[in-house]
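>
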Amino acid sequence: MTIAVCPGSFDPITLGHVDVVRRARSMFDEVVVGVATNSGKSALLDVDARVELARTALAGLDGVRVERVAGLLADFLRVNGANAVVKGLRGGADFDAELPMALMNRHLAGVETVFVVGDPALAHIASSLVKDVARYGGDIDDLVPPGVADAVRAAVGRKDGR
Ligand code: PNS
Numbered sequence: 002m003t004i005a006v007c008p009g010s011f012d013p014i015t016l017g018h019v020d021v022v023r024r025a026r027s028m029f030d031e032v033v034v035g036v037a038t039n040s041g042k043s044a045l046l047d048v049d050a051r052v053e054l055a056r057t058a059l060a061g062l063d064g065v066r067v068e069r070v071a072g073l074l075a076d077f078l079r080v081n082g083a084n085a086v087v088k089g090l091r092g093g094a095d096f097d098a099e100l101p102m103a104l105m106n107r108h109l110a111g112v113e114t115v116f117v118v119g120d121p122a123l124a125h126i127a128s129s130l131v132k133d134v135a136r137y138g139g140d141i142d143d144l145v146p147p148g149v150a151d152a153v154r155a156a157v158g159r160k161d162g163r
């Protein structure tokens with residue numbers, strides 16, 4: 002039984018995240034999506050909302066579950082018996098951000114990070130951009146799984162997407 006952890010802030014989960022989770026599941030028997038806190042970012046949605054949205058978005062995927070990462074990802078990896086961390090790369094900037102975390106997680110937990118290249122058709126999607134587009138009234142419905150857009154619009158104080 003091979004287990005991968007897909008960690009992230011998921012603030013909110015996007016279609017790009019779902020694509021990465023699917024790719025991880027194609028390589029591992031079980032995928033645990035870990036909704037964590039990034040101390041370098043201020044989250045729009047609270048962690049319970051992020052977990053619930055991710056659970057709904059991924060409910061149809063067999064062998065995938067969503068859990069909150071309460072503290073250090075390295076501890077979560079050990080508790081869940083993870084064989085690998087899987088993260089998606091959209092470009093070089095993602096790699097630059099991910100490399101130090103991959104090295105630190107291997108140092109702390111002895112777990113390797115596997116990078117997958119996502120669908121290029123989704124490469125423009127980032128949670129930060131989704132929130133920014135929503136804040137200024139742009140359409141985010143085709144960037145996120147069903148139900149997520151309404152939650153983001155409510156959180157940024159936009160009722161109608163305009
Ligand atoms: O989606 P993100 O914000 O790029 O994901 C980063 C995240 C949340 C996975 C990272 O900040 C994290 O692992 N946070 C949990 C606390 C922790 O373990 N920090 C040290 C990371 S090496």
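Residues in the sequence shown are numbered from 2 upward in steps of one, following my numbering.
A virtual CB, placed ideally from N, CA and C, is assigned to each residue, including glycine.
Nothing here was measured: the structure is a model prediction, and the numbers come from that model.
Which of helix, strand or coil does DSSP assign to Thr15?
Counted from its first residue, the sequence shown places residue 15 at position 14. Thr15 falls in the coil class under three-state DSSP.
> Can you give me the Cβ contacts of Asp68 inside the same chain, cut-off strictly under 8 angstroms, excluding the 5 residues immediately before and after it?
Taking the first residue of the sequence shown as position 1, residue 68 is located at position 67. Reading off the sequence, residue 68 comes out as Glu, not Asp. Val33, Val34, Gly35, Val36, Val52, Phe77 and Asn81.
> If distances are taken between C-alpha atoms only, which option among Gly138, Lys132, Asp151 and Asp143 comes closest to Ser43?
Taking the first residue of the sequence shown as position 1, residue 43 is located at position 42. Of the listed residues, the one whose Cα sits closest to Ser43 is Lys132.
> Can you tell me whether Val93 is helix, strand or coil according to DSSP?
Position 92 of the sequence shown holds residue 93. According to the sequence provided, residue 93 is Gly. The question's Val does not apply to it. Three-state result, Gly93: helix.
> Alpha carbon to alpha carbon, how far is Ala83 from Gly92?
On the sequence shown, position 82 is the one that residue 83 refers to. On the sequence shown, position 91 is the one that residue 92 refers to. Taking the straight line from one Cα to the other gives about 25 angstroms.
> What does the alpha-carbon distance come out to for the pair Leu62 and Val112?
By 1-based counting over the sequence shown, the position of residue 62 is 61. By 1-based counting over the sequence shown, the position of residue 112 is 111. Whole-angstrom Cα-Cα distance: 24 angstroms.
> Contact check, Ile14 vs Ala55 under 8 angstroms by CB: the rounded distance?
On the sequence shown, residue 14 is found 13 positions in, with the first residue counted as 1. On the sequence shown, residue 55 is found 54 positions in, with the first residue counted as 1. Sure, about 5 angstroms apart at Cβ, within 8 angstroms.
> Would you say Thr38 touches the ligand PNS, meaning its beta carbon is less than 7 angstroms from a heavy atom?
The residue labelled residue 38 in the question sits at position 37 within the sequence shown. Answer for Thr38: yes, Cβ within range of the ligand PNS.
> What do you reckon, is the C-beta of Val70 under 7 angstroms from a heavy atom of the ligand PNS?
Residue 70 sits at position 69 when you count from the first residue of the sequence shown. Yes, the ligand PNS has a heavy atom inside 7 angstroms of this Cβ.
> Is it the case that the CB of Gly9 approaches a heavy atom of the ligand PNS more closely than 7 angstroms?
Sequence index remark: in the sequence shown, residue 9 carries index 8 (1-based). Answer for Gly9: yes, Cβ within range of the ligand PNS.
> So Val6 and Val117 are supposed to be a Cβ contact under 8 angstroms. How far apart are they, rounded?
For the purposes of this step, residue 6 is identified with residue 5 of the sequence shown, where counting begins at 1. For the purposes of this step, residue 117 is identified with residue 116 of the sequence shown, where counting begins at 1. The pair is not a contact, with the Cβ atoms about 13 angstroms apart (cut-off 8 angstroms).
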